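Engineer:
There are 2 protein chains.
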Amino acid sequence: MRLRIDLSYDGTGFRGWAAQPGQRTVQGDIEAAIAMILRLPEAATLTVAGRTDAGVHARGQVAHVDLDDVDPQLIERRLRRLLPDDIQIRSVTAAPEGFDARFSALERRYTYRIVDGRTGPDPLVRHSVVRWQKRLDIDAMNAAAQHLLGLHDFAAFCRRRVGATTVRTLRELSTVRVGDVLETTVRADAFCHSMVRALMGVLVAVGDHRFEPEWAAEVLTHAGRDSRVNVMPPHGLVLEEVVYPDDAGMVARAVESRRQRALRA
Amino acid sequence: MRLRIDLSYDGTGFRGWAAQPGQRTVQGDIEAAIAMILRLPEAATLTVAGRTDAGVHARGQVAHVDLDDVDPQLIERRLRRLLPDDIQIRSVTAAPEGFDARFSALERRYTYRIVDGRTGPDPLVRHSVVRWQKRLDIDAMNAAAQHLLGLHDFAAFCRRRVGATTVRTLRELSTVRVGDVLETTVRADAFCHSMVRALMGVLVAVGDHRFEPEWAAEVLTHAGRDSRVNVMPPHGLVLEEVVYPDDAGMVARAVESRRQRALRA
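Just so you know, the sequences run in chain order P and F. Be aware that the first sequence starts at 1, since it is given in the numbering used here, and climbs by one per residue. Be aware that the second sequence starts at 1001, since it is given in the numbering used here, and climbs by one per residue.
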């Protein structure tokens, strides 16, 4: 049976989501806990909606795991008891027919937070807000974002991986200011590796008046990584939400996203 | 000259505000930094509006320090550079005539946060939210609070100190729920030691249905600490704001609060 796991984590203490030998990772911690609960000879592998990098946080992460017949509520309770408090298990449920945490997802939503005042971040949220020394112009940032929205090849913003498409649909890239804190919302069908942090690098370069907003359109035409684009630090980034179709649409969506990615690649 | 220092801190890494030999404290860190900046032979003593306990946080703490003629902006910049990022220096300014961080204050405002859902706190704010295992009844908590508002002797809620009054005016004690998070706002002219956390102990006992709301009125009649009142954990507590009169009222207020405390003691 397939379990859907909804979870949050503070990425500060992890080398990212993906299990790596000898490193503390979110996937590694949860797989070890499940193996312990079920006395599995080897860990059952988790599949995740957003493979967050080292230091990136999540409030609305979703994963799935295939296990022999188990009680989801029992797994939920025992995971909560076993896992440290930088991982929060929001729920464990039996996944609907055709559910795939990665391929059924319609959309991922991230936020990125920057504080640009003289005083630096509020100490209570300093682990999830990036400090910027100069005041940023959010009108310029939002003007730059207009050039990036829609269906594009985001190769200039992605770490290249053989056989993987970098075509994505960027649905939102909007920044609001509350006092000294800038909060950028980024929504797309999917993201390639480090794409949000590279998009933020473009917005910050424009907000800092190092480039005009139109520069964003120019970067987008590049077939590979643009060295003028800084990848912003991971700790400002939070995966807030993964959107799935209703249960009836689940199978169709997984087939469609596998097909699209194959076509584009 | 007298400097006013506005600051915030994450209380997690400190043994509270007050300097103690061999312990890391907020006062100790800042006094050491000022001594270093000005090459003072011994530390200049800070006076603070709210002497927070170990683990208690502050967003709107205010302190003052008397120094020989200095440039407040220079002290501000150098403190920011020297202090670790769990202390945020919001501003350093020349204090108006008659200002006393402690005795000029008209009001202190604190918040206390509890999460009472099954899932525990959002990992990103777990250091400033207290987990409660049972669902709390906030209507009962707010009914209990009504019995505590106003001018009373809060001896039942205070750690006794010789010669110190425990008479205070409690102006607000109100709880709102946002999802699984309960946020209680507490305002008074001043608080005695551990008073907010003991008030929270009464509200939680009532919200948990261990006592009726009227029990709060009974506790208030006790002349000393009530052993049925739990002092809630420190990490849910944040000193949010200290309110001062306008510059003209500063001297009068300090004289008045010293007089009141002497009368009551």
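For glycine and all other residues, C-beta sits at the position ideal for the given N, C-alpha and C. Please read all numbers here as calculations on a predicted model, not as lab measurements.
Start and end of the beta strand (DSSP E) containing E1218/F?
Structural biologist: First-last for E1218/F: W1215 to L1220, but that is the alpha helix (DSSP H), not the beta strand (DSSP E).
Engineer: Ignoring anything shorter than 3 residues, give me the beta strand (DSSP E) runs that lie fully in the stretch 41-93 of chain P, in order along the chain.
Structural biologist: Segments of the beta strand (DSSP E) lying fully in the stretch 41-93 of chain P: 46-48 and 57-66.
Engineer: Please tell me whether D53/P has its Cβ less than 8 angstroms away from any Cβ of chain F.
Structural biologist: Not one chain F Cβ lies under 8 angstroms of D53/P.
Engineer: According to DSSP, is L1203/F part of a helix, a strand, or is it coil?
Structural biologist: Looking at L1203/F - three-state DSSP - the assignment turns out to be helix.
Engineer: For the putative contact between R187/P and E107/P, defined by C-beta atoms under 8 angstroms, what is the C-beta separation to the nearest angstrom?
Structural biologist: Correct: roughly 6 angstroms between the Cβ atoms.
Engineer: Given a cut-off of 8 angstroms on the beta-carbon distance, is the pair R1197/F and V1231/F in contact?
Structural biologist: Yes, these two residues count as a Cβ contact at 8 angstroms.
Engineer: Within this structure, are the beta carbons of G1117/F and D1208/F separated by less than 8 angstroms?
Structural biologist: Cβ distance not < 8 angstroms, so G1117/F and D1208/F don't count as in contact.
Engineer: Assuming the contact rule is C-beta atoms closer than 8 angstroms, L182/P and L148/P should be a hit. Round their C-beta distance to whole Å, please.
Structural biologist: The Cβ separation is near 17 angstroms, so there is no contact.
Engineer: Here's a check: name, in chain order, each residue in its chain whose Cβ is nearer than 8 angstroms to the Cβ of N142/P, leaving out the five neighbours to either side.
Structural biologist: S174 and T175, listed in sequence order.
Engineer: Going along the chain, which residues of the stretch 1120-1132 of chain F sit with their C-beta nearer than 8 angstroms to a C-beta in chain P?
Structural biologist: For the stretch 1120-1132 of chain F, which is checked against every Cβ of chain P, the residues closer than 8 angstroms are G1120, P1121, D1122, P1123, L1124, V1125, R1126, H1127 and S1128.
Engineer: With burial defined as no fewer than 16 other Cβ atoms inside 10 Å of the residue's Cβ, what is the status of S227/P: buried or exposed?
Structural biologist: With fewer than 16 other Cβ atoms within 10 Å, it is exposed.
Engineer: What ranges does the beta strand (DSSP E) occupy inside the stretch 134-164 of chain P, keeping only unbroken runs of at least 3 residues that lie completely in it?
Structural biologist: List check, beta strand (DSSP E) in window: 150-153.
Engineer: Give the interface partners of Y1009/F over in chain P, defined as CB-CB distance under 7 angstroms, in chain order.
Structural biologist: Within chain P, the residues near Y1009/F are P123.
Engineer: May I have the straight-line CA-CA distance separating Q1088/F from R1080/F, to the nearest angstrom?
Structural biologist: Spanning the two alpha carbons is a distance of roughly 7 angstroms.
Engineer: With a Cβ-Cβ cutoff of 8 angstroms, do H57/P and R4/P count as a contact?
Structural biologist: Their beta carbons are not under 8 angstroms apart, which means H57/P does not touch R4/P by this criterion.
Engineer: Using 10 angstroms around the beta-carbon of Q133/P, count the other beta-carbons present and answer buried if the total reaches 16, otherwise exposed.
Structural biologist: Label assigned to Q133/P: exposed.
Engineer: Between R24/P, A205/P, A18/P and D6/P, which has its C-alpha nearest D139/P's C-alpha?
Structural biologist: Checked all of R24/P, A205/P, A18/P and D6/P; the closest Cα to D139/P is A205/P.
Engineer: Determine, using beta carbons only, whether L237/P and A144/P come nearer to each other than 8 angstroms.
Structural biologist: The answer is no: Cβ separation not under 8 angstroms.
Engineer: Using beta carbons (cut-off 8 angstroms, strictly below), is R1090/F in contact with chain P?
Structural biologist: Yes, R1090/F counts as interfacial toward chain P.
Engineer: Between G1163/F, R1002/F and S1008/F, which lies nearest to F1099/F when the distance is taken from Cα to Cα?
Structural biologist: Measuring from the Cα of F1099/F, the nearest candidate turns out to be R1002/F.
Engineer: Report yes or no: do three or more beta-carbon pairs, one from the stretch 1045-1060 of chain F and one from the stretch 1008-1027 of chain F, lie closer than 8 angstroms?
Structural biologist: Segments in contact, yes.
Engineer: Which runs of the alpha helix (DSSP H), 4 residues or longer, sit entirely within the stretch 237-261 of chain P?
Structural biologist: Listed in chain order, nothing qualifies, since the stretch 237-261 of chain P has no complete alpha helix (DSSP H) run of 4 or more residues.
Engineer: What would DSSP say about R1194/F, mapped onto helix, strand or coil?
Structural biologist: Note that residue 1194/F corresponds to Ser in the displayed sequence, not to Arg. Reduced to three states, the DSSP call for S1194/F is coil.
Engineer: Pull up the distance between the alpha-carbon of R171/P and that of A217/P, whole angstroms please.
Structural biologist: Cα-Cα distance, rounded: 16 angstroms.
Engineer: Do T1165/F and T1111/F have their C-beta atoms closer together than 8 angstroms?
Structural biologist: No, the Cβ-Cβ distance between T1165/F and T1111/F is not below 8 angstroms.
Engineer: Classify V167/P as helix, strand or coil using the three-state DSSP reduction.
Structural biologist: If DSSP states are grouped into helix, strand and coil, V167/P belongs with the strands.
Engineer: Between which two residues does the beta strand (DSSP E) carrying A1188/F extend?
Structural biologist: Its beta strand (DSSP E) spans residues V1181 to A1188.
Engineer: What is the rounded straight-line gap between the Cα of L82/P and the Cα of D69/P?
Structural biologist: Looking at the two C-alpha atoms, the distance is approximately 21 angstroms.
Engineer: Closest to M1195/F by CA distance: which of R1039/F, V1092/F and R1109/F is it?
Structural biologist: Considering only alpha carbons, the answer is R1109/F.
Engineer: May I ask you to list, following chain order, the residues of the stretch 1033-1067 of chain F that have a beta carbon less than 7 angstroms from some beta carbon of chain P?
Structural biologist: Here the close residues are H1057 and R1059.
Engineer: Are there any heavy atoms of the ligand PLP lying less than 7 angstroms away from the beta-carbon of G1201/F, as far as the coordinates show?
Structural biologist: The ligand PLP is not part of the structure shown, which contains no ligands of any sort.
Engineer: Which two residues bound the contiguous alpha helix (DSSP H) that contains D10/P?
Structural biologist: Note, D10/P: premise wrong, no alpha helix (DSSP H); not H, not E.
Engineer: Reducing DSSP to helix, strand and coil, say where D6/P ends up.
Structural biologist: Here D6/P sits in strand by DSSP.
Engineer: So the alpha helix (DSSP H) E1107/F belongs to, where does it begin and stop?
Structural biologist: Looking at the DSSP string, E1107/F is not in any alpha helix (DSSP H); the run it does join, the beta strand (DSSP E), is E1107 to V1115.
Engineer: Closer than 8 angstroms, CB to CB, is D29/P near chain F or not?
Structural biologist: It does not; no Cβ of chain F falls within 8 angstroms.
Engineer: Counting contacts by CB-CB distance shorter than 8 angstroms, is D71/P in contact with chain F?
Structural biologist: D71/P does not count as touching chain F.
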